[in-house]
Amino acid sequence: MAALLERERQTIIAINKTDLDAYKGDDISMFDRLKVDDSKVDEMIKSVTHLASQADPVGVERFSFKHDNGMQVYNKTASFGTVLIIYESRPDVTVEAAGIAFKSGNKILLKGGKESLNSNLKIVELWHEALLAFDASTNWVEYLQYNRTETQAFLEKPTQKVDLIVPRGGERLIAFVKEHATCPVIISGRGNNFVYVHEAADLDIAVDVIMNGKSKISACNAVDKVLIDENLPNKGEFVKTLISKLKDFNIEVLGDDSISKDNEVGAITSNDIWYEEFLDYKILIGEIASNQDTIAMINKYSGGHSSVIVTTDEDEAKRFMENVDTAAVYHNASTRFTDGGQLGLGGELAISTDKLHQRGPIGLQHLVTNKWYVHGNGQIR
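The letter at position 354 of the sequence shown is residue 354 when you use full-length UniProt numbering, and the numbering goes up by one with no holes.
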């Protein structure tokens, strides 16, 4: 598949341009996720190449036990069976999801958005070519060219057995799948990620982490909220510097009462905005009294995805990381690393904000369930 992606690089980019030209929506984050260029094809190739180098995740012994009666008991990893992923906009998901599913012994049903149809169909065509080259059935990777009504009907009454569904997209898509699905669903949830600038923060690191966190507004690992400790030395100067840098990148800055009062930024009118995932050139900055208050605020308002503390105080970092309830917690590093490739998985099916069955990036080794193997010679209980 890596070789085919390289061979068809220019064709994929050209076909993707027809999807981009046809997109009439005003969702800038969706448009950004839709785009395939040379660097995106490079990422696709890197993903499947790394995937090919990883060990088979099926049949791995997790536990063994010798019963008093002589039975030998093993617990081993096993494939789910058939996985359905419903996603918006991103043709790279067609590469990563199918690769992870196939290598973990799962059939995958791909239901992409209409905005990326031509790109997705071309990539599925390459998957089928790769499978046939090794005498494998093309049924391993199947594309569902359904509209919304057909998708709802399939979720409510599947025409084939589906063992797991992963919705990967905005909150409306996730709510739609949860409402209609009749089999287990892993939620690949929203971002709304926070950075806390502790009173003992290295301010250069703080600026770098925040700016990098806002470098790709369409990503679920982007930063939307910044909390600044009210006891931060030179707080006023730091806030002005940060706001200036954000505005240089055309990012709209909003502030709570304390921030907007002393700076030329928009004031918020409702605390409900702390719940919002922006997916836009927008950021909200507020003041906070302590690490303890920060933990409580993140646990109340965030999407359960990623959060950061910037501090030189190791004890405060430990307190934050152990008590903030998000899938990934960072100390002096960017939320943009919450990504299967960046965290060593080679790729991801999605980033789960559920706690069952897997939290954070779902990589190859996570797209398995388990099974008990019990060997006896006539034992009865």
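Heads up, the beta-carbon is just placed ideally off N, CA and C, and yes, glycines get one too.
Straight-line Cα distance separating residue j from residue i
i	j	result
residue 230	residue 113	44 Å
residue 1	residue 342	21 Å
residue 185	residue 365	18 Å
residue 23	residue 89	10 Å
residue 296	residue 85	33 Å
residue 46	residue 254	38 Å
residue 309	residue 5	39 Å
residue 106	residue 351	18 Å
residue 218	residue 279	5 Å
residue 286	residue 243	12 Å
residue 299	residue 181	28 Å
residue 367	residue 269	43 Å
residue 220	residue 196	18 Å
According to DSSP, residues forming a beta bridge with residue i
i	result
residue 331	309
residue 142	109
residue 168	87 and 188
residue 375	72
residue 287	228
residue 78	369
residue 66	72
residue 61	76
Exposure label - residue i; buried when at least 16 CB within 10 Å
i	result
residue 71	exposed
residue 28	exposed
residue 318	exposed
residue 344	exposed
residue 233	exposed
residue 248	exposed
residue 426	Since the displayed the chain opens at 1 and closes at 381, residue 426 lies outside it and no answer follows.
residue 103	buried
residue 373	exposed
residue 77	buried
residue 356	exposed
Whole-angstrom C-beta distance between residue j and residue i, which should lie under 8 Å
i	j	result
residue 37	residue 13	6 Å
residue 124	residue 110	7 Å
residue 304	residue 353	4 Å
residue 166	residue 188	6 Å
residue 192	residue 276	7 Å
residue 307	residue 194	5 Å
residue 332	residue 198	Not a contact, Cβ separation roughly 10 Å.
C-beta neighbour in chain B for residue i, strict 9 Å
i	result
residue 59	The structure shown contains no chain B; it holds only a single protein chain.
Any non-hydrogen atom of the ligand MN within 8 Å of residue i CB
i	result
residue 128	The ligand content of the structure shown is nil, which means the ligand MN is not present either.
Next on the checklist: Using a Cβ distance threshold of 8 Å, determine whether the region 156 to 172 contacts the region 254 to 264, with at least three qualifying pairs required.
Outcome noted: No, they do not touch.
Next on the checklist: Assess contact between the region 145 to 164 and the region 49 to 56, defined as three or more Cβ pairs (one per stretch) separated by less than 8 Å. Is contact present?
Outcome noted: Too few Cβ pairs lie closer than 8 Å, so no.
Next on the checklist: Check whether the region 145 to 164 and the region 313 to 330 touch, using three or more Cβ-Cβ pairs below 8 Å as the test.
Outcome noted: With the cut-off at 8 Å, the region 145 to 164 and the region 313 to 330 do not touch.
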